[in-house]
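Visitor: Numbering (the working numbering), first residue to last: 28 to 264.
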């Protein structure tokens, strides 16, 4: 089945549930320090990941995110009220989805057929990032030099080898430059009226209490985040 046909079918299925988020411009410089309560984020609308994939998990963390942008970058912050937290991945492009992980999948334009980025970050701030048309199709791994340009901060240590079984709230924040995206695909630079397609996820594939949460609903029987036909819309103001 072609990517376009899959997209059209999905749009018919999720017309009433597809999400939209208004992304406002940044008014001043921002320190990337994973502090959810700092003043620059205080008036920015937060969204929750309210859907889950597969069977209802026994542990459903509360996950919120916020976005801002400026002419050079998009800014993302997550707040996760969590439990059973782990971070064992080491280095770029390691399997961070097996840890306590938040993910930003997006197409920097409206055409999901052009491919998407999957930016996956575990709770310690370790990054995996690719551009691909669909799972493992025309897949391009972002270089270490490009990933070095992403400013990222976490409230938790880089490595958590013994799972934290008690309730814990953690935050993660990053600044993603548009310049590195343009090396892998066409980018419509955010400005008033520009729209991107995107979804946000939370997972912990190999924790003692695995779960797969989504912002825009993914209407499938088994967990699969690599489904751009279900992306919601980011609307830049």
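Beta carbons are placed, not taken as given, at the ideal position from N, Cα and C, and that holds for glycine. All values reported here derive from a predicted model rather than from experimental measurement.
For residue 187 and residue 111, I'd like the C-alpha separation in whole angstroms.
Guide: 11 angstroms
Visitor: Between residue 237 and residue 230, what straight-line distance do the alpha-carbon atoms span, to the nearest angstrom?
Guide: 7 angstroms
Visitor: Could you tell me which residues DSSP pairs with residue 169 in its beta bridges?
Guide: Looking at the DSSP assignment, residue 169 forms no beta bridge with any residue, so it has no partner.
Visitor: Where does residue 147 sit, in a helix, a strand or coil, going by DSSP?
Guide: strand
Visitor: Pull up the distance between the alpha-carbon of residue 233 and that of residue 192, whole angstroms please.
Guide: 14 angstroms
Visitor: In the DSSP assignment, what residue or residues form a beta bridge with residue 179?
Guide: 201
Visitor: Using a Cβ-Cβ cutoff of less than 6 angstroms, which residues in the same chain neighbour residue 123 once the five nearest sequence positions on both sides are dropped?
Guide: Within its own chain, the residues whose Cβ lies closer than 6 angstroms to the Cβ of residue 123, once the five positions on either side in sequence are excluded, are 116, 147, 149, 153, 155, listed in chain order.
Visitor: Spatial neighbours of residue 126 within its chain, please: C-beta separation below 7 angstroms, excluding the five flanking residues on both sides.
Guide: 113, 114, 115, 116, 149, 150, 231
Visitor: Taking all protein chains shown into account, do 16 or more other C-beta atoms lie within 10 angstroms of the C-beta of residue 226, making it buried, or fewer, making it exposed?
Guide: The residue in question, residue 226, is buried, as its Cβ has 16 or more Cβ neighbours within 10 Å.
Visitor: Can you tell me which of 120, 144, 59 puts its alpha carbon nearest to the alpha carbon of residue 103?
Guide: Among 120, 144, 59, the Cα nearest to that of residue 103 is on 59.
Visitor: Excluding sequence positions up to five away, which residues of its chain have a Cβ less than 8 angstroms from the Cβ of residue 180?
Guide: 59, 60, 61, 152, 199, 200, 201
Visitor: I'd like the list of long-range same chain contacts for residue 120, defined as Cβ closer than 7 angstroms, with 5 residues on each side in sequence excluded.
Guide: Shown here for residue 120: same chain residues with a beta carbon closer than 7 angstroms to its own, the five before and five after excluded, namely 155, 168 in chain order.
Visitor: Who pairs with residue 255 in a beta bridge, going by DSSP?
Guide: DSSP lists no partner for residue 255.
Visitor: Ordered along the chain, which non-local residues of its own chain (more than five positions away) have a Cβ less than 6 angstroms from that of residue 73?
Guide: 91, 93
Visitor: Please list, in chain order, all residues of the same chain as residue 182 whose beta carbon is under 7 angstroms from its beta carbon, the five residues on each side excluded.
Guide: A distance below 7 angstroms between beta-carbons, with the five flanking residues on each side excluded, links residue 182 to the following residues of its chain, in chain order: 61, 197, 198.
Visitor: May I ask you to list the residues that DSSP assigns as paired with residue 101?
Guide: 96, 203
Visitor: Helix, strand or coil: how does DSSP classify residue 186 here?
Guide: Look at residue 186 here: in three-state DSSP terms it is coil, with no helix or strand label.
Visitor: Check for me: the beta strand (DSSP E) holding residue 224 runs from which residue to which?
Guide: 222-230
Visitor: Evaluate residue 28 with the Cβ neighbour count: other Cβ atoms within 10 Å of its Cβ, from every protein chain shown; 16 or more gives buried, anything less gives exposed.
Guide: Residue confidence is low: residue 28 scores 49 on pLDDT, short of 50, so the model does not pin down where it sits. Its coordinate-derived value is still stated next. Label assigned to residue 28: exposed.
Visitor: What are the boundary residues of the beta strand (DSSP E) that residue 113 is part of?
Guide: 112-114
Visitor: Once you ignore the five residues that flank residue 84 on each side, which residues in its own chain have a CB closer than 6 angstroms to its CB?
Guide: 238
Visitor: At the level of alpha carbons, what is the spacing between residue 35 and residue 99?
Guide: Confidence in residue 35 is poor, its pLDDT being 45 and thus under 50, which makes the residue's placement too unreliable to answer from.
Visitor: Under 8 angstroms Cβ to Cβ from residue 135, same chain only, skipping five residues before and after it: list those, please.
Guide: 144, 205, 208, 212, 213, 214, 215, 223
Visitor: What do you reckon, are the CB atoms on residue 49 and residue 241 nearer than 8 angstroms?
Guide: no
Visitor: Quick check on DSSP: helix, strand or coil for residue 23?
Guide: Outside the displayed span of the chain (28 to 264) sits residue 23, for which this structure offers no information.
Visitor: Is the distance from the Cβ of residue 217 to the Cβ of residue 67 below 8 angstroms?
Guide: Against a cut-off of 8 angstroms, the Cβ pair of residue 67 and residue 217 comes out as no contact.
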